[in-house]
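Enquirer: So that we are looking at the same thing, I have put the structure below in structure tokens.
Set out below in structure tokens:
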């Protein structure tokens, strides 16, 4: 039993709803009990004081009218009026100087039991020195006496008026009986009041704590980073302000968390991009090393052979031609690497001018006619009328040469190359399509990377170091030209868009 009480008290201590209910209930019960006890203690005195004031008031009114009366009948009428209206019996006793109090009854019949009772009251005053002294000093005395003709006590007010004593008596309910009735009533009232207190305490505690519970639930969800719900408690009190503040905090945290998530996504993309760049850098170093290692090895081998005299005069001449070719290849590689580095660092300024793109393409095709004829490639050109563009002519020629040499390199013998310039609104579309094997999605994505080669084992006859398309990409990006590559029914097509000068 004791453990159950401890557990209950512990649950009250941990629950604000139970705590508020318990405190409210105890306060109301204590207040009710205090009220009942105070009434029980002071009821008798309050009742006596109230009746005393009433009988004094009635006596004063009677004396005021009595002094104005001129006949015996008027006095009787006044006495009857007091008895009927105020339930107060009035007796008049003659007071003679030289005697304490005379025994004569004026106006009242001596055979009347009430008259005898009045005389008993007068005797009580005469025999009671304190009452007599109080009457002489204050001209009025109020006290209670036992009644011989009634079961109740009587409240007596004796007033000294000139040569008469005005004695007023009124019945008093037994205080003890009244108190017992009140106590009986309070028993039922106390039970009902406690029941009502329990209900009101429960309603009051829930009215205060339910919004707090709701706010607490939302706060718990916020602690798990769930900001989807809001506190719906709308009020201008402290709890309403708390709910508004919590909603405001939820909104700010949601905004901050969303911003943080977006920043985190961007950071992850940047990290991934940095990883890819790091991989590209490593691949660049590896590819550059590989591209430089091969010609260096060739040059070293032929140079050592010439030095050791193992070649004939004719072989020495051929070896020197090979050394010169490899030296030129290394020079071109270094040149392209420097060119690409300058483009990526954006230190190059473009020199814009207007020129005919079709004429530039045709001119470069003629310059590369030997490579084209060597593989018996057929070039099919289709240009729109007067394709004048405004761009850096030198850089765009690099783009054209790289696209043409790339097409020649991957076109099989007796294959075709299709070059087209087509109108597309305010733009023109330039495409270089060659017949070859189709590329995979991965290859289409990586062909713009530095040193990336689709065919790792291709011959070195046409050169190619994997930097051409990367240079093209940077030049087109600097011009803000759209570009791309895709598979077609005939092979692979490279294309880009540029503005047309009208």
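In the working numbering, the protein residues as written are 1013 to 1514.
Idealized CB from N, CA, C, for every residue including glycine.
For the alpha helix (DSSP H) holding residue 1489, just list the boundary residues, first then last.
Expert: For this step, residue 1489 is matched to residue 477 along the chain shown. Judged by DSSP secondary structure, residue 1489 falls within the alpha helix (DSSP H) whose first and last residues are 1480-1490.
Enquirer: Can you tell me the Cα-Cα spacing of residue 1297 and residue 1414, whole angstroms?
Expert: Position 285 of the chain shown holds residue 1297. Position 402 of the chain shown holds residue 1414. If you take the alpha carbons of residue 1297 and residue 1414, they lie about 22 Å apart.
Enquirer: Excluding the five sequence neighbours on either side, which residues of its own chain have a C-beta within less than 6 Å of the C-beta of residue 1505, listed in chain order?
Expert: Working through the chain shown from its first residue, we reach residue 1505 at position 493. Taken in chain order, the residues that qualify are 1443, 1445, 1498.
Enquirer: Sort 1145, 1036, 1512 by Cα distance to residue 1171 and report the nearest one.
Expert: Numbered from 1 along the chain shown, position 159 holds the residue referred to as residue 1171. Selected option, being the one with the closest Cα: 1145.
Enquirer: Can you check DSSP and say which residues form a bridge with residue 1039?
Expert: Reading the chain shown from its first residue, position 27 is the one you call residue 1039. The partner list for residue 1039 (beta bridge, DSSP) is empty, contrary to what the question assumes.
Enquirer: According to the Cβ coordinates, are residue 1036 and residue 1213 closer than 9 Å?
Expert: What you label residue 1036 is simply residue 24 of the chain shown in a count that begins at 1. What you label residue 1213 is simply residue 201 of the chain shown in a count that begins at 1. Yes. Within cutoff.
Enquirer: Might you give, ordered along the chain, the residues of its own chain that have their beta carbon closer than 7 Å to the beta carbon of residue 1425, omitting 5 neighbours on each side?
Expert: Counting from 1 along the chain shown, the entry for residue 1425 is found at position 413. Excluding residues within five positions, the ones whose Cβ falls inside 7 Å are 1387, 1388.
Enquirer: State the DSSP-derived secondary structure class of residue 1502, mapped to helix, strand or coil.
Expert: Counting from one through the chain shown, the residue named residue 1502 turns up at place 490. If DSSP states are grouped into helix, strand and coil, residue 1502 belongs with coil.
Enquirer: From what residue to what residue does the beta strand (DSSP E) around residue 1101 run?
Expert: On the chain shown, position 89 is the one that residue 1101 refers to. Looking at the DSSP string, the run of the beta strand (DSSP E) that includes residue 1101 is 1100-1106.
Enquirer: If we require 4 or more residues per run, which alpha helix (DSSP H) segments fall completely within the stretch 1274-1332?
Expert: none
Enquirer: Assuming residue 1395 contacts residue 1433 (C-beta within less than 8 Å), just tell me the rounded distance between them.
Expert: Here the question's residue 1395 lines up with position 383 in the chain shown. Here the question's residue 1433 lines up with position 421 in the chain shown. 4 Å between Cβ atoms; contact.
Enquirer: Quick one: what's got a C-beta closer than 7 Å to residue 1339's C-beta in the same chain, skipping five residues either side?
Expert: Locating residue 1339 in the chain shown gives position 327, counting from the first residue. If we look at residue 1339 and ignore the five residues flanking it on each side, its Cβ neighbours are 1311.
Enquirer: Per DSSP, which residues does residue 1390 bridge with? Please list them.
Expert: By 1-based counting over the chain shown, the position of residue 1390 is 378. For residue 1390, which the question treats as bridged, DSSP gives the partners 1428.
Enquirer: On a CA-only basis, which of 1463, 1403, 1209 is nearest residue 1039? Give me that one, please.
Expert: Sequence index remark: in the chain shown, residue 1039 carries index 27 (1-based). When 1463, 1403, 1209 are compared, the shortest CA-CA separation from residue 1039 is found for 1209.
Enquirer: Among the residues of its own chain, which have a CB less than 7 Å from the CB of residue 1198, if the five just before and after it don't count?
Expert: Counting from one through the chain shown, the residue named residue 1198 turns up at place 186. Cβ neighbours of residue 1198 beyond the five flanking positions: 1048.
Enquirer: Since residue 1378 and residue 1447 are thought to touch, with beta carbons under 8 Å apart, how far apart are those beta carbons, to the nearest angstrom?
Expert: In the chain shown, the residue the question calls residue 1378 occupies position 366. In the chain shown, the residue the question calls residue 1447 occupies position 435. Wrong, their Cβ atoms sit about 21 Å apart, outside the cutoff.
Enquirer: Tell me whether the beta-carbon of residue 1180 lies closer than 9 Å to the beta-carbon of residue 1067.
Expert: Counting from one through the chain shown, the residue named residue 1180 turns up at place 168. Counting from one through the chain shown, the residue named residue 1067 turns up at place 55. Yes, they are a contact pair.
Enquirer: Among the residues of its own chain, which have a CB less than 6 Å from the CB of residue 1122, if the five just before and after it don't count?
Expert: Taking the chain shown and counting its residues from 1, one reaches residue 1122 at position 110. Note on residue 1122: pLDDT 45, under 50, position unreliable in the model; the coordinate value appears next. Once the five neighbours on either side are set aside, residue 1122 has no close Cβ partner at all.
Enquirer: Nearest by alpha-carbon distance to residue 1132: which of 1343, 1157, 1438 is it?
Expert: Locating residue 1132 in the chain shown gives position 120, where the first residue counts as 1. Comparing Cα-Cα distances from residue 1132 to each of 1343, 1157, 1438, the minimum goes to 1157.
Enquirer: To which residues of the same chain is residue 1307 closer than 6 Å at the C-beta, ignoring the five residues directly before and after it?
Expert: Here residue 1307 corresponds to residue number 295 of the chain shown, with the count starting at 1. Only 1338, 1341, 1342 meet the Cβ criterion.
Enquirer: Secondary structure at residue 1167, three-state DSSP: helix, strand or coil?
Expert: For the purposes of this step, residue 1167 is identified with residue 155 of the chain shown, where counting begins at 1. Residue state, collapsed to three classes: strand.
Enquirer: Taking the DSSP output, what are the residues bridged to residue 1445?
Expert: Sequence index remark: in the chain shown, residue 1445 carries index 433 (1-based). Answer is 1430, 1505.
Enquirer: Could you compute how far the alpha carbon of residue 1382 sits from the alpha carbon of residue 1317?
Expert: Here residue 1382 is taken as the residue at index 370 of the chain shown, counted from 1. Here residue 1317 is taken as the residue at index 305 of the chain shown, counted from 1. In a straight line, the C-alpha of residue 1382 is about 32 Å away from that of residue 1317.
Enquirer: Go through its chain and collect everything with a Cβ distance to residue 1167's Cβ below 6 Å, but skip five positions before and after it.
Expert: Translated into positions along the chain shown, residue 1167 becomes position 155. Contacts found: 1063, 1067, 1156, 1182, 1184.
Enquirer: Give the DSSP-derived three-state secondary structure of residue 1367 in the structure shown.
Expert: Translated into the one-based positions of the chain shown, residue 1367 becomes position 355. Residue 1367: strand per DSSP, three-state reduction.
Enquirer: What residues in its chain sit with their C-beta under 7 Å from that of residue 1200, if we drop five residues either side in the sequence?
Expert: In the chain shown, the residue the question calls residue 1200 occupies position 188. Closer than 7 Å at the Cβ level, and outside the excluded window around residue 1200, lies no residue.
Enquirer: Which of the three DSSP states, helix, strand or coil, is assigned to residue 1257?
Expert: Position 245 of the chain shown, counted from the start, is the residue given in the question as residue 1257. If DSSP states are grouped into helix, strand and coil, residue 1257 belongs with the helices.
Enquirer: Would residue 1478 pass as a contact of residue 1462 if the rule is Cβ separation under 9 Å?
Expert: In the chain shown, residue 1478 corresponds to position 466, counting from 1. In the chain shown, residue 1462 corresponds to position 450, counting from 1. Their beta carbons are under 9 Å apart, which means residue 1478 touches residue 1462 by this criterion.
Enquirer: Below 8 Å on the Cβ atoms is my guess for residue 1510 versus residue 1400; work out the distance and round it to an integer in Å.
Expert: Start at 1 with the first residue of the chain shown, and residue 1510 comes out as number 498. Start at 1 with the first residue of the chain shown, and residue 1400 comes out as number 388. About 11 Å; that fails the 8 Å criterion.
Enquirer: Taking residue 1354 as the reference, give the member of 1439, 1487, 1287 with the closest Cα.
Expert: On the chain shown, residue 1354 is found 342 positions in, with the first residue counted as 1. The shortest C-alpha separation from residue 1354 is found at 1487.
Enquirer: If the criterion is Cβ atoms closer than 9 Å, does the pair residue 1362 and residue 1404 meet it?
Expert: In the chain shown, the residue the question calls residue 1362 occupies position 350. In the chain shown, the residue the question calls residue 1404 occupies position 392. Yes, they are a contact pair.
Enquirer: Residue 1372: which of 1411, 1196, 1347 sits nearest, CA to CA?
Expert: Here the question's residue 1372 lines up with position 360 in the chain shown. Per the Cα distances, 1411.
Enquirer: Within this structure, are the beta carbons of residue 1440 and residue 1369 separated by less than 9 Å?
Expert: Reading the chain shown from its first residue, position 428 is the one you call residue 1440. Reading the chain shown from its first residue, position 357 is the one you call residue 1369. Cβ atoms of residue 1440 and residue 1369: closer than 9 Å.
Enquirer: Please name the residue or residues paired with residue 1184 in a DSSP beta bridge.
Expert: Reading the chain shown from its first residue, position 172 is the one you call residue 1184. DSSP, once it has assigned bridges, lists 1165 as partnering residue 1184.
Enquirer: When you compare each of 1271, 1408, 1261, 1287 to residue 1367 by their alpha carbons, which one comes out closest?
Expert: Against the chain shown, residue 1367 aligns to sequence position 355. Nearest of 1271, 1408, 1261, 1287 to residue 1367, Cα basis: 1408.
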